[in-house]
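Asks: Residue numbers (the numbering used here): 336 to 573.
Ideal placement from N, C-alpha and C gives every residue a C-beta, glycine not left out.
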Ligand SMILES: C[S@@+](CC[C@H](N)C(=O)[O-])C[C@H]1O[C@@H](n2cnc3c(N)ncnc32)[C@H](O)[C@@H]1O
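1. Could you check if residue 453 belongs to the surroundings of ligand 1, using beta carbon to heavy atom distance under 7 angstroms?
2. Can you name, in chain order, every residue of its own chain whose Cβ lies under 6 angstroms from the Cβ of residue 508, other than the five neighbours on each side?
3. Do the region 365 to 375 and the region 385 to 405 touch if we need at least three Cβ pairs shorter than 8 angstroms?
4. Runs of 3 residues minimum, wholly inside the region 459 to 506: which ones carry the beta strand (DSSP E) assignment?
5. Measuring from the CB of residue 554, is there a heavy atom of ligand 1 at a distance below 7 angstroms?
6. What residues are listed by DSSP as bridge partners for residue 384?
7. Alpha carbon to alpha carbon, what distance is there between residue 491 and residue 446?
8. Hey, out of 553, 405, 441, whose CA is closest to residue 429's CA?
9. Do the CB positions of residue 480 and residue 408 come within less than 8 angstroms of each other?
10. Out of curiosity, what's the CA-to-CA distance linking residue 419 and residue 531?
11. DSSP has residue 378 in a bridge; who is on the other side?
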């Protein structure tokens, strides 16, 4: 089984509905906070959320911005998105293949959160390069939740428990971690592994497709041990 196949099924990543909705709610707040830092007005922004997953709070984002494209590689995820958000006038649901026909410079802000760990290193450059083409000349791309080389599953588990204690799903998290250890996710993680980048390696990757990168002081979402970068057209790393 590949990661692509894995995301067609029911994922063990979320330990409960409460976890999933809290995750997407915080993520939507983070995306809006970053969108608000754009030079252009929030209500005019065109945003692409690439590898968006179920994006349960996408309606919250869509209510504040010009247009939101939800793009995910999983056909089953896209069916869920269609059911939930298909009626919203300023939301488009798309497959990665649609990027080929997307005009240059379509998006003010591109979000790639918690996706690159499931993409081979050989495919990551071409993918970021394709996304770059669809980014406006003054646009930004947030690539976040990148796994650094030495981050252990134990640290990830500890951060999940901290998040769960804060957001009221601690018991579900403990049970979920036990289930997750025996899940397909754990099996594929052991067989194929997750793609990891040091900060320098990721910034080199961004530079190789003509993007400057700035490391964010803190990742978005609940796990501060993972890495996040803002990419723009041009050269340079910070
Ligand atoms: C861990 S979820 C992240 C979802 C969301 N971005 C978030 O932060 O919660 C990973 C998502 O990336 C999607 N994905 C993985 N590889 C992809 C690829 N090469 N192209 C498009 N989507 C991909 C999967 O289908 C899955 O929905």
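Replies: Judging by the given coordinates:
1. Flag set: Cβ of residue 453 near ligand 1.
2. Only 350, 495, 496, 499 meet the Cβ criterion.
3. Touching, per the Cβ criterion.
4. Listed in chain order, the beta strand (DSSP E) elements of length 3 or more contained wholly in the region 459 to 506 are 470 to 481.
5. Residue 554 Cβ: outside cutoff for every heavy atom of ligand 1.
6. According to DSSP, residue 384 shares a beta bridge with 405, 446.
7. Cα-Cα distance, rounded: 22 angstroms.
8. Comparing Cα-Cα distances from residue 429 to each of 553, 405, 441, the minimum goes to 405.
9. Their beta carbons are not under 8 angstroms apart, which means residue 480 does not touch residue 408 by this criterion.
10. Answer to the nearest angstrom: the Cα atoms are 32 angstroms apart.
11. According to DSSP, residue 378 bridges with nothing at all.
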